[in-house]
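In the numbering used here, the protein residues as written are 4 to 280.
Quick reminder that beta carbons are idealized off the backbone N, C-alpha and C, glycines included.
Heads up: the structure comes next, in structure tokens.
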């Protein structure tokens, strides 16, 4: 198969070989891969692909690029054999892709409202396509706020972009769990940023990060007057088939690969209290 004009796979379980166009290291353990985009491929913010490292395995990785980009963008943290192999790829190398899969962020529910995005660590990556879409349409999304939490200043994801969003029409607040001597920003968990945000108007919130962070943030937002049905979270589970067949990503009565990864908070609030799920 020529990689110059890739065809769409013939089925959801058949990976399509794609060439890596560029690789950028974001932090000590996180890289962003730019992939050639297959003809006719489209996705919505919040959806994910299954990326396959040939001979090793595949993992679900959310899109972190603008749907209008000429290439596909995925930001990956090297935490296991497959993700380490993907992060070690170089321009010109080939990986496999299946997708897109999953339920996207319901951006339409934030139209005309305050769109609030809260990311913890690598959770900022799946939010990035939605943030870019909201910032690009000031008529539909008149107010955009981004809250970002990282372990340390060195672990901050997309720091240049966060700065540009804040200097533009977006409102950006950052925090770190542990500060260096050079850090002059906020220190603490991401919920410590909420007092800086005016939530007096209609707000739709999109959360992505560790489940405990999303749960505490969601409850804090609800305590500040945001309606539970206006809070959305992106869940992460062991997605292997991505077509709701293998059952590895089952979350009570739903399959995260098909019914998620984006859920309305009322759909999963009680489930997030159960460690075994």
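Return the Cβ separation of residue i and residue j in integer angstroms, given the expectation that the two are a contact with Cβ distance under 8 Å.
i	j	result
residue 69	residue 135	5 Å
residue 147	residue 173	5 Å
residue 2	residue 206	Since the first residue of the chain shown is 4 and the last is 280, residue 2 is not available in this structure.
residue 153	residue 159	5 Å
residue 208	residue 121	7 Å
residue 275	residue 187	The pair is not a contact, with the Cβ atoms about 34 Å apart (cut-off 8 Å).
Find out if the Cβ-Cβ distance for the pair residue i, residue j is shorter than 8 Å.
i	j	result
residue 51	residue 103	yes
residue 259	residue 273	no
residue 98	residue 55	yes
residue 80	residue 33	yes
residue 18	residue 100	yes
residue 271	residue 246	no
residue 65	residue 141	no
residue 75	residue 38	yes
Tell me the DSSP secondary structure of residue i in three-state form.
i	result
residue 244	coil
residue 108	coil
residue 260	helix
residue 58	coil
residue 167	helix
residue 3	In the structure as shown, the chain begins at 4 and stops at 280. Residue 3 is therefore absent and cannot be evaluated.
residue 39	coil
residue 235	strand
residue 17	coil
residue 114	coil
residue 25	strand
residue 87	helix
residue 131	helix
residue 75	strand
residue 218	helix
residue 4	The predicted position of residue 4 is uncertain, since its pLDDT is 31 and thus under 50; no value can be drawn from it.
residue 9	Any reading at residue 9 must be qualified, since the residue scores a pLDDT of 42, below 50, and its modelled position is unreliable; the value itself is stated next. DSSP places residue 9 in coil when its eight states are reduced to three.
Provide the residue(s) that pair with residue i in DSSP beta bridges, ordered along the chain.
i	result
residue 53	63 and 101
residue 211	122
residue 266	236
residue 82	DSSP lists no partner for residue 82.
residue 178	152 and 189
residue 253	258
residue 146	117
residue 194	In the DSSP output, where bridge partners are listed per residue, residue 194 has none listed.
What's the gap between the Cα of residue i and the Cα of residue j?
i	j	result
residue 6	residue 94	In this prediction, residue 6 has a pLDDT of 37, which is less than 50 and means its spatial position is unreliable; what the coordinates show is noted afterwards. Roughly 13 Å between the two C-alpha positions.
residue 196	residue 20	42 Å
residue 58	residue 117	45 Å
residue 30	residue 169	21 Å
residue 267	residue 238	10 Å
residue 156	residue 189	10 Å
residue 215	residue 194	11 Å
residue 243	residue 27	26 Å
residue 224	residue 269	13 Å
residue 67	residue 210	15 Å
residue 115	residue 60	43 Å
residue 23	residue 257	34 Å
residue 137	residue 145	8 Å
residue 88	residue 53	14 Å
residue 83	residue 91	12 Å
residue 72	residue 220	31 Å
residue 25	residue 96	10 Å
residue 149	residue 265	18 Å
residue 185	residue 249	48 Å
residue 254	residue 203	34 Å
residue 36	residue 62	14 Å
residue 177	residue 226	21 Å
residue 263	residue 109	12 Å
residue 199	residue 213	22 Å
residue 119	residue 179	19 Å
residue 340	residue 151	No statement about residue 340 is possible, as the shown extent of the chain runs from 4 to 280 and does not include it.
residue 139	residue 43	23 Å
residue 127	residue 192	15 Å
residue 78	residue 45	18 Å
residue 164	residue 171	10 Å
residue 113	residue 252	28 Å
residue 85	residue 261	22 Å
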